[in-house]
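If you read the sequence shown in the working numbering, its first letter stands for residue 110, the second for the next number, and so on.
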Amino acid sequence: MFPKASVVISTAVQPLGQPDVLDAVRLVLPFSGVAPTAPSRPPSGSRLELPAHQAAKTRARRAWRWRGLVIGAGFVLVLLLSAVASLATVLRTSAADGRPTTRVVASLPFWNLTDDTGIVAAHPGTFTEVSPWVYGLTATGQIVAQAPQRAAETAAATHRLRTLGIPLIPSIANVTDGRWAYQPVATMLHDPAAMAHHITDIVTLVTREGYAGIDLDYEDLKATDREAFTTFVARLGGALHTANKILSVALFAKTTDAGYDQRNIAQDYAALGAAVDEVRLMGYDYHWNGSPPGPVAPITWIRDVLTYAKTQITPQKIVLGIPLAGYDWVDGHGEEVTWQQCVDRAKASNATVHYDGGQEAPWFRYTDTQGRKHEVWFENAYSTKAKLDAVKASGIRGVYLWMYGGADDRTWNQLRQVLPTDATPPPGTDTAPH
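Here's what the structure looks like:
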């Protein structure tokens with residue numbers, strides 16, 4: 110597949126089975142192995158620049174899973190409850206024997222929803238929860254579809270996901286007209302009436318649509334929002350729990366309470382962790398589109414993030430967000446790219462793909478037809494496995510995969526091998542609203 114590429118299979122990383130023609134961009138020459146240099150300014154967190162093929166651009170997100178369904182003396186009563194309520198109970202309670210279960214969440218952005226739904230369907234038992242990243246906010250804070258022009262596609266994908274019996278916990282992001290928007294959330298946080306109304310809107314959405322819960326992805330807040338954001342999340346959690354629903358919150362990865370920016374200070378790990386069912390740590394964008402080139406999720410940083418998070422949040426509530434894409438930097442700016450795009454660009458440019466064994470990340474350089482020099486860092490099945498291994502070693506609850514599109518097809522086997530689940534739903538499970 111790569112007749113021109115110069116490739117050396119690294120002995121520093123254990124191959125998974127026999128290398129095939131795709132290994133040319135999966136596992137190759139080891140790099141320096143030194144710790145990455147911190148970017149010259151803090152990572153943006155929010156990917157504000159929109160690529161041409163999508164209405165909004167973001168980072169990543171999410172992961173959990175079922176716990177075993179407990180059927181005891183109240184069996185008859187349980188049968189009378191709605192299927193949705195039963196699923197929510199499964200998610201929020203421990204297995205009968207008290208053992209924790211692994212959560213593996215598929216986070217599906219709207220621009221790749223159909224293809225990602227196909228991946229979830231093709232790998233039964235792999236995912237314990239699905240979070241379509243489809244909801245945004247208007248300028249005045251109303252919940253809306255991020256891509257109303259894709260309403261039919263979203264409905265079809267959602268219907269297919271329901272038939273799989275996997276709990277649906279969609280994401281609401283503070284994205285307005287394709288861009289991250291601070292003001293709608295800020296206004297709500299500091300107006301008690303608006304906060305109460307927004308909480309009611311979210312609970313109504315979840316119950317009306319028969320979702321198992323909601324994932325809150327409100328980003329780029331300010332340090333002065335810290336207390337109000339905690340209050341909002343705690344009240345929303347209480348309202349959802351009363352309705353027997355789940356609350357997940359996406360938080361920026363950090364290694365101290367202050368982190369690297371105001372947006373980190375705005376998120377009180379300990380208080381938020383106590384209020385929600387799941388904390389999704391966005392384990393990516395260590396290097397981002399506005400930084401110098403480098404690994405998107407270096408493994409040394411990931412380990413530090415998990416170490417700190419466990420001092421603030423119950424480990425069994427933590428899931429790590431893992432990116433399945435990368436960046437192609439040229440002229441001081443990075444374009445987000447899929448694994449498949451990286452494969453294609455490496456092949457077309459006769460590039461040698463390297464693997465940084467110290468940071469567990471593949472990378473390569475090439476010159477385009479206009480003579481511009483590019484540097485690409487991305488994720489493949491091997492770099493993803495390193496993060497899965499770190500999650501397993503840390504004892505946290507699981508992972509969520511930001512399925513941007515065009516992921517390495519070996520990722521799913523790695524996922525099942527490192528973090529096996531008991532996610533296969535019981536026969537006849539239905540998550541549609543009743």
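Just so you know, even glycine gets a beta-carbon here, dropped at the ideal spot from N, CA and C.
| query | result |
| --- | --- |
| The alpha helix (DSSP H) enclosing K419, as first and last residue numbers | 408-421 |
| Inter-residue spacing [alpha-carbon to alpha-carbon] between R344 and P301 | 11 Å |
| Sequence ranges, beta strand (DSSP E) only - wholly within the segment 246-307, length at least 3 | 252-254, 280-282 |
| Neighbourhood of K426 by C-beta, 8 Å cutoff - its chain only, sequence neighbours within 5 removed | G382, V385, D386, E387, V388, R506 |
| CA-to-CA distance, G319 to P293, given in whole angstroms | 26 Å |
| N- and C-terminal bounds of the beta strand (DSSP E) containing K482 | 482-486 |
| C-alpha distance - A362 paired with I411, whole-angstrom precision | 8 Å |
| DSSP-derived helix/strand/coil call for D394 | coil |
| Touch test, the segment 515-527 against the segment 471-483, Cβ-Cβ under 8 Å, three pairs minimum | no |
| Beta-ladder partner(s) of R212, from DSSP | G507 |
| Simplified DSSP state of F473, which is helix, strand or coil | strand |
| Buried or exposed (CB count within 10 angstroms, at least 16 for buried), T365 | exposed |
| Assigned exposure category for P544 - 16 Cβ within 10 Å defines buried | Beyond the ends of the chain as shown, which are 110 and 543, falls residue 544; an answer cannot be given. |
| 8 Å Cβ cutoff met for M297 and G250 | yes |
| Residue burial classification, T272 (beta-carbon count within 10 angstroms, cutoff 16) | exposed |
| Paired residues, beta bridge with F361 - DSSP | M391 |
| CB of L325 within 8 Å of CB of L356, strictly | yes |
| Counterpart residues of A367 in DSSP-defined beta bridges | Answer is none; A367 lacks a bridge partner. |
| Beta-ladder partner(s) of Q436, from DSSP | Reading off the sequence, residue 436 comes out as Tyr, not Gln. BP columns for Y436 point to E445, W486. |
| Supposed close pair H442, N489 - CB separation, criterion 8 Å | Not quite, the Cβ-Cβ distance comes to about 23 Å (not below 8 Å), so this is no contact. |
| Pairwise C-alpha distance: A418 and G368 | 12 Å |
| Cβ-based burial, D286 [other Cβ within 10 Å; buried from 16] | exposed |
| Helix, strand or coil at V405 according to DSSP, with G and I counted as helix | coil |
| Best match in Y291, A264, Q376 for proximity to T247 [C-alpha to C-alpha] | Y291 |
| In DSSP terms, what E318 is bridged to | Its beta-bridge partners do not exist; DSSP assigns none. |
| Cβ-based burial, K354 [other Cβ within 10 Å; buried from 16] | buried |
| 7 Å Cβ shell around L524 - same chain, five flanking residues per side excluded | V213, T235, L497 |
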